[in-house]
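Here the structure is laid out as structure tokens; the discussion comes afterwards.
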Amino acid sequence: MKKYLKLYGHTFRLAIMKNMAYPQDFIVWLIVDILWSVINLVFFKIILLSVPTISGWTFERLILPLGFIQILNAFIWGLMYGNMKEIPNDVNKGNLDLYLSKPANSQFLVSTRYLGLNLISSFLIGIFLVWYGLSINNVLSIFNVTIVLVATCASVIISYSIWFMIVTTSLWFSRLKNIAEVFPHSVDIARYPVDIFNPFMRFIFTFIIPFAILGFLPADIVLNKTSPWYIFGPVFMATVLLYLSHRFWNFALRHYSSASS
Amino acid sequence: MRKYFAIAKAEWLDALQTRGEIFIWLFLETLPIFIMGSLWSTNKSTIPNFSTSQLVTYYVAILITSRLTGHYFDEGMQKEIKEGTLSRFLVKPIKFPLANIPQNLGGKAFNTIFLLVPVLVIIISIFRNQLIIPSPQILFFFLLSLVPAFFIQYSISVLVSSAAFYWEQSYSMVHIKWMMESMIGGYLLPLTLYPNWARIVTDFFPFKYVFFVPAAIFAQRLNFSEIGLNILYSTLWAFVLFYIGDVVWKKGLKEYSSVGG
Chain P
1 MKKYLKLYGH TFRLAIMKNM AYPQDFIVWL IVDILWSVIN LVFFKIILLS VPTISGWTFE
61 RLILPLGFIQ ILNAFIWGLM YGNMKEIPND VNKGNLDLYL SKPANSQFLV STRYLGLNLI
121 SSFLIGIFLV WYGLSINNVL SIFNVTIVLV ATCASVIISY SIWFMIVTTS LWFSRLKNIA
181 EVFPHSVDIA RYPVDIFNPF MRFIFTFIIP FAILGFLPAD IVLNKTSPWY IFGPVFMATV
241 LLYLSHRFWN FALRHYSSAS S
Chain Z
262 MRKYFAIAKA EWLDALQTRG EIFIWLFLET LPIFIMGSLW STNKSTIPNF STSQLVTYYV
322 AILITSRLTG HYFDEGMQKE IKEGTLSRFL VKPIKFPLAN IPQNLGGKAF NTIFLLVPVL
382 VIIISIFRNQ LIIPSPQILF FFLLSLVPAF FIQYSISVLV SSAAFYWEQS YSMVHIKWMM
442 ESMIGGYLLP LTLYPNWARI VTDFFPFKYV FFVPAAIFAQ RLNFSEIGLN ILYSTLWAFV
502 LFYIGDVVWK KGLKEYSSVG G
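Each protein sequence line maps, in turn, to chains P and Z.
Letter by letter, the first sequence follows residues 1 to 261 in our numbering.
Letter by letter, the second sequence follows residues 262 to 522 in our numbering.
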């Protein structure tokens with residue numbers, strides 16, 4: 001464990017150095033990221049100018065799940081995307097060998113190579129939205145903040161595990177270079193209450209590909225619409241999916257034949 | 262003319278080479294329409310100005326418009342300018358950046374047959390009870406509105422690409438373009454849902470002629486005099502932007518320098 005924390009620390013330091021080497025770039029991307037976050041909020045505000053609620057969610061209530069998704073997106077695009085999109089390329093070019101031959105867990109290595117620190121603004125805006133969502137709905141308490149923290153960790157792990165399993169299939173379908181795009185774009189589903197979908201899709205998005213529990217389940221719990229015990233659902237799912245992603249990666253590696261010389 | 266046809270053919274062959282990726286794009290293209298269709302369908306009793314059918318049809322039209330008029334060369338071209346590899350295009354006996362048009366059409370021909378048509382079949386089967394089938398007359402005006410939209414998109418991409426001649430952080434301009442298209446172009450939401458003051462702001466930019474106007478024609482939200490007037494404005498914008506794009510590009514080329522053989 002200590003070895004992996006040290007390794008991640010190195011990656012983190014390198015990312016800071018890389019970002020600070022081009023400070024203007026860093027600042028411009030921070031601004032771009034803030035603008036996208038604003039657009040996201042304005043989008044829902046305009047919808048709610050036309051309709052009173054989205055499946056019972058007013059704008060004040062929506063701020064909370066939107067904050068969750070904002071934080072999740074900061075992890076997805078900042079910590080995961082750069083790594084995930086490189087995996088199919090590595091398989092194609094045979095670069096994966098480089099990671100397999102190192103004395104560390106290959107799943108850890110291929111998942112932690114790149115860090116996009118410019119997504120820090122997204123992360124901070126997400127935290128602000130969650131705090132504001134808790135305050136405006138009068139549910140700001142230590143208990144709810146704990147729920148938020150647990151739910152956020154579970155959502156990040158669930159997202160990582162599902163995405164990693166999808167990308168792992170590139171060991172068989174190496175020509176599908178855009179396979180890494182599937183998950184981050186599908187997370188868009190999590191921005192909406194699952195009740196907008198038909199019953200069949202609602203089932204899929206709750207139990208099969210659990211987008212519904214990434215943002216709206218924790219918000220439901222915190223806003224007292226659902227029992228706090230439901231938080232164990234995402235935690236259990238995160239544990240199982242993380243384990244499955246590890247097993248699936250090892251299984252896939254047995255079918256991997258290198259393309260390098 | 263033969264050389265431009267060869268460029269289009271090369272792009273078609275290139276798209277054919279990566280045809281496996283079509284399945285993923287198919288999914289990603291269907292997803293937003295599915296989400297927005299589901300969102301508006303759940304609020305069908307409360308939307309003012311727009312019927313649910315018109316809204317669902319609007320998003321289908323946005324998909325068709327985006328597929329048939331989109332230009333995606335700006336990001337790549339900026340990279341060529343920054344890395345100095347643009348020179349390889351400049352020494353060829355072709356007009357540049359005009360050569361992007363046949364290249365774009367070659368890719369579009371492939372994508373229309375293998376991507377757009379299957380996506381439309383899926384969407385129509387999901388929302389078959391809610392879609393408005395346009396009359397031949399409306400379809401004609403819709404397709405007519407796509408011609409200036411195509412050239413507006415092209416010219417904006419030339420302008421965004423040209424930013425790389427002058428500005429180190431020009432990659433962010435691509436995001437600014439996407440933001441403008443999303444919010445004031447009507448890509449995310451029909452502009453008629455916006456408050457009055459915001460709608461007035463959109464009138465000062467060309468983006469609404471790229472997405473909102475063609476989609477509103479398709480969804481039968483405009484009468485014939487409005488259609489005529491909007492197509493006229495759209496054509497004027499196309500001419501003006503084409504000219505500005507040409508001037509800015511030529512000026513930028515004077516700033517451009519590269520090394521290497």
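Note that beta-carbon positions come from the ideal geometry of N, C-alpha and C, so glycine has one too.
So residue 294 of chain Z and residue 384 of chain Z are supposed to be a Cβ contact under 8 angstroms. How far apart are they, rounded? 5 angstroms
Test item: CB-CB of residue 442 of chain Z and residue 472 of chain Z under 9 angstroms: yes
CA-CA distance, residue 194 of chain P and residue 510 of chain Z? 47 angstroms
With 9 angstroms as the limit, tell me which residues of the segment 64–83 of chain P have their beta carbon closer than that to any beta carbon of chain Z; keep them in chain order. none
Below 8 angstroms on the Cβ atoms is my contact criterion, and I expect residue 369 of chain Z with residue 329 of chain Z to pass it. Report the Cβ-Cβ distance as a whole number of Å. 7 angstroms
Name the DSSP beta bridge partners of residue 270 of chain P, please? In the structure as shown, chain P starts at 1 and stops at 261, and residue 270 of chain P therefore has no counterpart that could be examined.
For the alpha helix (DSSP H) holding residue 391 of chain Z, just list the boundary residues, first then last. Here residue 391 of chain Z belongs to no alpha helix (DSSP H), and DSSP marks it neither H nor E.
Would residue 43 of chain P pass as a contact of residue 444 of chain Z if the rule is Cβ separation under 9 angstroms? yes
Identify the residues that DSSP records as bridge partners of residue 54 of chain P: which are they? P:57
Any beta-carbon of chain P closer than 9 angstroms to the one on residue 522 of chain Z? Legend: pLDDT at residue 522 of chain Z = 49, less than 50; position of this residue unreliable, value from coordinates given subsequently. Output row for residue 522 of chain Z: interface = no.
Tell me the rounded alpha-carbon separation between residue 25 of chain P and residue 396 of chain Z. 50 angstroms
Taking 9 angstroms as the threshold (C-beta atoms), are residue 426 of chain Z and residue 298 of chain Z in contact? no
In this structure, how does DSSP classify residue 446 of chain Z when only helix, strand and coil are distinguished? coil
Does residue 438 of chain Z pass the burial test, meaning 16 or more other C-beta atoms within 10 Å, or should it be called exposed? buried
Using three-state DSSP, classify residue 10 of chain P as helix, strand or coil. helix
Spell out whether any CB of chain P is found under 9 angstroms from the CB atom of residue 429 of chain Z. yes
Kindly say whether residue 279 of chain Z, judged by its beta-carbon, lies nearer than 9 angstroms to any beta-carbon of chain P. yes
Taking the alpha carbon of residue 284 of chain Z as the reference point, which residue from P:177, P:224 and P:87 has its own alpha carbon closest? P:177
Contact set for residue 335 of chain Z: own chain, Cβ-Cβ below 6 angstroms, skip 5 residues either direction: 418, 421, 422 and 435
Among P:77, P:138 and P:49, the one whose alpha carbon lies nearest that of residue 186 of chain P: P:77
At 4 residues or longer, what runs of the alpha helix (DSSP H) sit wholly inside the segment 144–187 of chain P? 182–186
Secondary structure of residue 515 of chain Z, DSSP reduced to three states: helix
Go through its chain and collect everything with a Cβ distance to residue 140 of chain P's Cβ below 7 angstroms, but skip five positions before and after it. 134
How far does the alpha helix (DSSP H) with residue 457 of chain Z in it extend, from its first residue to its last? 457–463
Mapping DSSP to helix, strand and coil, what is residue 356 of chain Z? coil
Distance, residue 359 of chain Z Cα to residue 483 of chain Z Cα: 33 angstroms
What is the DSSP secondary structure of residue 522 of chain Z, reduced to helix, strand or coil? With a pLDDT of 49 at residue 522 of chain Z, under the threshold of 50, the predicted position of this residue should be treated as unreliable, though the coordinate-derived value follows. Residue state, collapsed to three classes: coil.
Within 8 angstroms of chain Z by C-beta, residues of the segment 196–218 of chain P in sequence order: 196, 197, 198 and 201
Which chain P residues are close to residue 456 of chain Z, counting only those with a beta carbon under 9 angstroms from its beta carbon? 46 and 49
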